[in-house]
Structure formats: structure tokens, C-alpha cells
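Just below is one structure, and these are the notes that go with it.
Number of protein chains: 2
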Amino acid sequence: MSNSSQIVFGPRVRKSPFFLSTMKYGAKAFTVYNHMYLPVSYEGTTKDYHNLLNGVQLWDVGVERQIQIKGPDAEALSQFLTPRNIKKCAIGQAMYAPFLDFNGGFLNDPVMLKIAEDCYWFSIADGDSLLWVQAIAEGYKFVAEVTEPDVSPLQVQGPNSTELMAKVFGDWVHDLKFYRFKEFNHEGIPMVIARMGYSRELCYEIFLQDHSLGDKLWETLWKTGQDLNISAGGPNIILRLEGGIFSYLGDLDRSNNPFEVGLDWMIDLDQEDDFIGKDALSEINVKGPEKKLMGAEIYGDAIESSNEHQFPVLIDGKVVGSMNAMAYSPRLDKNLSYVFLDIEHAQAGKEIIISAPEGDLKAKVVDLPWLQRVKK
Amino acid sequence: MSNSSQIVFGPRVRKSPFFLSTMKYGAKAFTVYNHMYLPVSYEGTTKDYHNLLNGVQLWDVGVERQIQIKGPDAEALSQFLTPRNIKKCAIGQAMYAPFLDFNGGFLNDPVMLKIAEDCYWFSIADGDSLLWVQAIAEGYKFVAEVTEPDVSPLQVQGPNSTELMAKVFGDWVHDLKFYRFKEFNHEGIPMVIARMGYSRELCYEIFLQDHSLGDKLWETLWKTGQDLNISAGGPNIILRLEGGIFSYLGDLDRSNNPFEVGLDWMIDLDQEDDFIGKDALSEINVKGPEKKLMGAEIYGDAIESSNEHQFPVLIDGKVVGSMNAMAYSPRLDKNLSYVFLDIEHAQAGKEIIISAPEGDLKAKVVDLPWLQRVKK
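One line per chain: the protein sequences are A and B, in this order. Using this note's numbering, the first residue of the first sequence is number 1, and each one after it goes up by one. Using this note's numbering, the first residue of the second sequence is number 1001, and each one after it goes up by one.
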């Protein structure tokens, strides 16, 4: 919390259906994301991290707005929007399915949910992708209705999350597979319940389908969670770095393509269907990327688990990249960071200097991620 | 500042080129706007307001991103995006030129600058209109390059603003007409300098064309402004209400069309060219709008000059609209507010009840605006 000031609450920025609960249970700092307040700290980055790992934690991620594509061309339009081959996706299945621009740069990195044969949701990161999708649909004459439905996600994370979810919603939760979801109604609360993973910990995402019931849903989980060490938290930089998970606009943006961040595995250039960015990606696939996002372990004592700016990265006094995010991981007892490096230097084992305002930080380049996903 | 919490500064949200200067000169509270920090308070809403009216004030509005449309179809694409007839705009002239969606709802309310015969800028409010414009350009096959150039606006407002601008940039500033601009280079700082008006006070907007020179530009103005009672400020709710000026997403959004907010004067349905929303607006023009944004004067003592939520508006115990923004105006000695009213109640003179959490507020509906633009 060293780099902070006041934020003003007003009607221009929207509140999530869980806003009152987050205030009641101690949200101390916010950012703004998709024109909404996103709580990011309750007891501080490190304490929030430990709280999650020692029980179960609720994250108000109502800022993840859904784009619903519905109609005869729902599949065709969804496919045109992403390089992932979505024809392989089953109803009730979710897929990480980024939106790219015509140059192959990231416009957003949503998770897609196939709700029905003619209905898809894209759960988006920060950015008005709705405008992009609606304009593409109109301009390219897809027959599909593109809307933002009344859906607000709440995440339930941590080792006790399965137990909490099963206690509240029933034993069927135990059988829910990774990136699968089910529509469910609990005491009048309509939801889509998914197993997901913003961090590598056990994680469920509840897509609340009635914004007026946010606090009711929160209180239901909170009450049952009393025996399970429940806490409130938010997107956490330590968990993100440990898991090699990216924050759109924080770690990557429109100037980056999937090859640069190790996400080329999801591009299907061989599929017959056209998609936005296909030509550009085919070219990059031949030439190779010019830079790459890597991990770097910073030597020395535990660092502050946040950074306000990107810092230059140097080898032999020459700038070869930038450092985007850093945090100390208590359970790995290491200082973790993400660095973008010119491709010739993007190799595990290289020694680099991160030029921070308070002095140089020496670090070693490593492959991502540090931690794999926790399996049940 | 009653409704506030902490905001965290980090690399996910961008900083304007004037950010360090705003911190140096006392910015106390921020919001996030177009993925950037926007300073909104220095000494508090009312003191900032008085400071502006008693001298000259700098506003860091670098959050107003520019969309540049350049190429053979620049005019055609620009016209397709807005209901305003932009063919009447001269080079060196600016125009309020909203973006509407296909239903006639506000996507954004930019000011357009005609930079050259084949180059237009749209200075946008909060929202990623760039995605909309790029997708429309691709889908409808307009031959134009759509980019976000390195341009960051700084506003110079208040009774002493002309004198400050002329002292720094030269006497030609005296001849600059309302909504006209000129490209200018001052000691290596490339700029477009315009006479504009976010409030109804005298106002200039400097479109800085090199983000690395933000603090240099700020300091130049600050130094010369020492004799002219210079201060720092930001978008101010009192000035906005007095002048009948709207905040996109605060006062109006996509659910509103121009007829509902008194902006139908800028729609040219008779022009030959097609534009987005033309069919929808033609229909609304025949049927008439269903609700209307009006002013309302709240009786009683001076109210708090901010509100966190929208409040219901009632007549005879029945909800007939909502109150979006309110503030006490010291120079009018009145409590001002914006209310959206069902069309049958949108008449000056009507008495309404604004249902605030701390108790009912009695008010009288009036026409907008309270204050006209200050002429030199």
C-alpha cells in the first residue's frame, strides 16, 4: 500500500453486486476495472495471500463483464474473434480464448463459456471488448445478438473451497471437472458455477445471474465458511506470479502477441475458418517473436510485493527489456518477477540487472511458471 | 471526499505525462478513466472551484485519449461514426461529435478536431472507442488508418487563462476563436492549442504531442502563472452542473439517446450520408423520447457537493425518474442537480421529491443550463 492515494466513489464508476459485502468485510483498497470498483486489498497483499492458502477466500470479480453472443452465427462469430479452435469446445465447457487485433496483438484475454449450441459468454479482462465484438458483428454481417447480460462473477479460492462449495450447493460440486460448469439455482439465486483458476489454487467461479442477490450470495457463503477459515481477498500479485498467470494491461497488452508470452499453444493456424489476426500470426509464426515474457528471480532479501512502474532490464549496461511485476513469494522464499526480454536474451539461466529507482536488482532468468496447478 | 477509500498505483493503469506534476502540486484524490489515473481533487471540490474562478487553473485531462482517423476515407468514416454533419467543419475547427450505437444510444461523446482534409481526431470520454472505430473501419472497408497518437490534453481554465496563454505562447492566442485550434511549437514542445470549454468558463486545451514533455509544459505554465493566481484542479461537479455540461457514464450512457439529453440539435437526419444510428434516431424523432434529462433545484440548506449513488425521484409517491448528480453552487447560492424524468413530468416548474438515504429532498424542475458560456 505504499503507492497509493485516495479514490473517490461516485455514480460514474459502477459498483458490483458484492460491493456492500466487500466494504462490510474490510476492503481497504480498490482499483477501477471495466468502469467498476475492484477491491484489491483487505489486510494487505501478503496477509491476504496467507489467508487464502490457509482456508477459503471470496473474491469480488464482478468487474469481469460477460459478452454474450447468441443466435444462428454465435459459433461462427466467436470463432472469428479468437485464434483458439473453439469448435472443440463442448456445452458446459470453458476455454481460455483471447481476442486479438488484426496485427495479432492482445485486445483482451477472456475465458469463453459455451452455454448452449447458439450461446457463448466471454468473461473479459479490463477493456470495452463489447464495442469491438458488436462492431465486428455488424460490419461482417454475423447474425447474432451481442449483449452484456446481468452476470457478475464471484470467485471462491483456496484449499477449503471445494468443501465450502459442496456444503452450500451440494455434493455434485465434487464431480465438477476443471474448466467445466453447470447452471444451478440455490434458494432462488440463479447462477452458473464453474471450476476455474485465476491462481493455481483450487478455484470456483460463481457467475451470479441476478445483480440484486449479490449480498445474499456472499452472506450464504460467508456463514457456511465460518468453520472453514473463510476470508475476503482479491486478485493477488504473489499468487499471480507464482502461477505464471498474466494480468491484461499489467503484464501484456496490445503491443504483444501470443508467441511473446508463451500462449502460442492455443493458436490453431491449421483450422479452415478464418479468424482475426490469422495472417499476422502466420507471419510471426515463421519469423519468430522479437521478445519474450520470462520469469526472473531477484537475488537478496525479500522485496516489496508491488511496483508502481515498469523498470528497465539491462545486460552489460545495455537495455534488453523491462520488468513488469515483482513480488516476494513466502512459500517459495524467492523474489519473483516477470521480465520482457529481447528474444536473444530470453533464456533461462541468464543474469540480468533490473534498474529500480532505489538501486539495481540482480536477477536470474527462469522459465515460467514457478508453481503448477493444485489438483484435487 | 466523504465517499472515498484507497486507490493503488500500479503499472496496469497508465499515468499521464503530467502525473508527477499533479502529485507535486497537491493532487489528493483520483479516479480511473480510460485506463489512466485522473486527478479530481486538490483542496476539495469547493475550494478547487473558487481557485479556478479567482485566477487560472491547470487540469490534467491526459485521460482524454485521441482517436486519429487518417487516410482517403477519413471524412467518410468520421461521418459514419457520428450524427453530426461534419462536412461543415473547417480545418482548424473542432465540433462536439458524439458516437452513437445502432440503437441511437451514446457510445461516447467526443469532441472532433479536423486536423487536415484527410485527418481527424476524436477526443474521447471514458470508454475504449478505439476498438469500436477500428472494428467499424475494418468491417465496413473504410480506407483509413485508425490509431491512438501520442497526444495528451492539458486544460487551462478560468478568467486569467487568456492572459496566461498569451504570455506564454504569444498574442495570437487573443485571436483564437471558440472551438478553433492551431498547431504550435513552443521551445521544442509540439502542441495543438484550442479554445474549448469543459466548463462555461474561459478555457483552452493544449493537446501535447510528446508525452515526454508533460512536466516541462506544466512547469512553464506554472511559472508564468505565478502573477495570475494559478492553481491546479480537475473536472469539477459544481462547474459541470452550473454549465449544464454532461459527464459520460456519470450523467448519460448507452441507454440514452440525444433527444433525451437535449442534444438533438446536433443530429442531421437530412444529410445524404448514412451514419450509425440514423434509422433508430429517425424513429425516435417521430415518436419522441420517453424520458428527459432536466435540471432540478433542491430546496433548503447547502447540500454536500457529491453523491455516491443515483437516487430515485418521486411525484405523489410514484417513482418518475432518478437523480444523477448534485452540488451546491456558491455563486448561484442554489443546490443544483440533474434528474432524468419520465417525459410527461419533464417540465420546468414541477415539484419533485429526491429520495436520498438520509431523507427526502424537495426540489423544483428547471430548464438547463443555469449559466451560459463566458464570452471574452
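All C-beta atoms in this analysis are idealised placements derived from N, C-alpha and C, irrespective of residue type, glycine included.
request  = Would you verify that the beta carbon of B:Lys1380 is, or is not, closer than 8 angstroms to some beta carbon of chain A?
outcome  = In this structure chain B extends from 1001 to 1376, so residue 1380 of chain B is not present and cannot be described.
ask   = How is B:Gln1271 classed by DSSP in three states: helix, strand or coil?
value = coil
key: CB contact flag (A:Lys287, A:Ala346, <8 angstroms)   = no
query = So, helix, strand or coil for A:Leu332, using DSSP?
reply = coil
ask   = Exposed or buried, which one is A:Val8 when buried takes at least 16 other CB atoms within 10 Å?
value = buried
query = Given that a residue counts as buried once 16 or more other Cβ atoms are within 10 Å of its Cβ, and exposed if not, what is A:Arg65?
reply = buried
key: Cα-Cα separation between B:Leu1100 and B:Phe1259, rounded to whole angstroms   = 12 angstroms
key: Per-residue burial, B:Pro1110 [other beta carbons within 10 Å of its own, 16 or more giving buried]   = buried
request  = State the CB to CB distance for the pair B:Tyr1198 and B:Gln1155, rounded to an integer number of angstroms; the pair is presumed to be in contact (CB under 8 angstroms).
outcome  = 6 angstroms
task = Give the range of the beta strand (DSSP E) segment to which A:Val286 is assigned.
result = Unbroken run through A:Val286 is the alpha helix (DSSP H), Lys278 to Lys287; no beta strand (DSSP E).
inquiry  = Is it the case that the stretch 1077-1086 of chain B contacts the stretch 1229-1243 of chain B, given that we only count it when at least three CB pairs across the two stretches are under 8 angstroms?
reply    = no
key: Pair within 8 angstroms by beta-carbon distance, A:Ile352 and A:Ile315   = yes
Where A:Pro72 falls, given that 16 or more other Cβ within 10 Å makes a residue buried = exposed
query = Does B:Phe1030 get closer than 8 angstroms to chain A when you measure Cβ to Cβ?
reply = yes
query = Excluding sequence positions up to five away, which residues of its chain have a Cβ less than 8 angstroms from the Cβ of A:Val168?
reply = His186, Thr220, Leu221 and Thr224
message = When you compare the CB positions of A:Glu297 and A:Ala356, do they come within less than 8 angstroms of one another, or not?
response = no
message = Looking at chain A, is there any beta carbon in it that lies within less than 8 angstroms of the beta carbon of B:Val1151?
response = no
message = Please give me, in chain order, every unbroken run of the alpha helix (DSSP H) with length at least 4 that falls completely inside the stretch 153-236 of chain A.
response = 161-169 and 214-224
Contact the stretch 1316-1335 of chain B vs the stretch 1270-1286 of chain B: 3+ CB pairs below 8 angstroms = no
query = Can the beta-carbon of B:Leu1202 be found less than 8 angstroms from the beta-carbon of B:Val1374?
reply = yes
inquiry  = Would you say B:Tyr1120 lies against chain A (beta-carbon separation less than 8 angstroms)?
reply    = no
key: CA nearest to the CA of B:Leu1371, picked from B:Leu1241, B:Lys1087 and B:Gly1170   = B:Leu1241
query = Looking at chain A, which residues of the stretch 1300-1323 of chain B have a Cβ within less than 8 angstroms of any of its Cβ atoms?
reply = Ser1306, Asn1307, Glu1308, His1309 and Gln1310
key: Listed by chain order, chain A residues near B:Ser1129 by CB distance under 9 angstroms   = Asp128 and Leu131
inquiry  = Counting only C-beta atoms, is B:Met1001 closer than 8 angstroms to chain A at any point?
reply    = Its pLDDT being 37, under 50, B:Met1001 is placed unreliably by the model, and the measurement read from it follows with that caveat. Yes, contact with chain A.
task = Give the DSSP-derived three-state secondary structure of B:Val1063 in the structure shown.
result = coil
inquiry  = Please tell me whether B:Phe1102 and B:Ala1280 are closer than 8 angstroms, where the distance is taken between their beta carbons.
reply    = yes
query = Hey, would you say B:Ala994 sits closer than 8 angstroms to A:Gly139, going by beta carbons?
reply = Outside the modelled stretch of chain B, which goes from 1001 to 1376, sits residue 994 of chain B, for which no answer is possible.
task = Can you tell me which of A:Glu117, A:Val56, A:Pro312 and A:Leu58 puts its alpha carbon nearest to the alpha carbon of A:Leu77?
result = A:Glu117
task = Taking a Cβ distance cut-off of 9 angstroms, strictly less, list which residues of the stretch 1228-1252 of chain B are near chain A, in chain order.
result = Ile1237, Ser1247, Tyr1248, Leu1249, Gly1250 and Asp1251
query = Quick one: what does DSSP say B:Asp1109 is sitting in, helix, strand or coil?
reply = coil
message = Is any non-hydrogen atom of the ligand NAP found closer than 7 angstroms to the C-beta of B:Asp1210, if you look at the structure I gave you?
response = What this structure holds is no ligand at all, so the ligand NAP is not there to describe.
Top-ranked residue by Cα proximity to B:Pro1039, from B:Lys1047, B:Phe1030, B:Ser1152 and B:Glu1304 = B:Phe1030
task = Specify the secondary structure class of A:Phe142 as computed by DSSP and reduced to three states.
result = coil
request  = Inspect the CB distances between the stretch 1148-1162 of chain B and the stretch 1016-1030 of chain B and report whether three or more fall short of 8 angstroms.
outcome  = yes
message = Quick check: B:Pro1369 and B:Gly1244, are their CB atoms within less than 8 angstroms of each other?
response = yes
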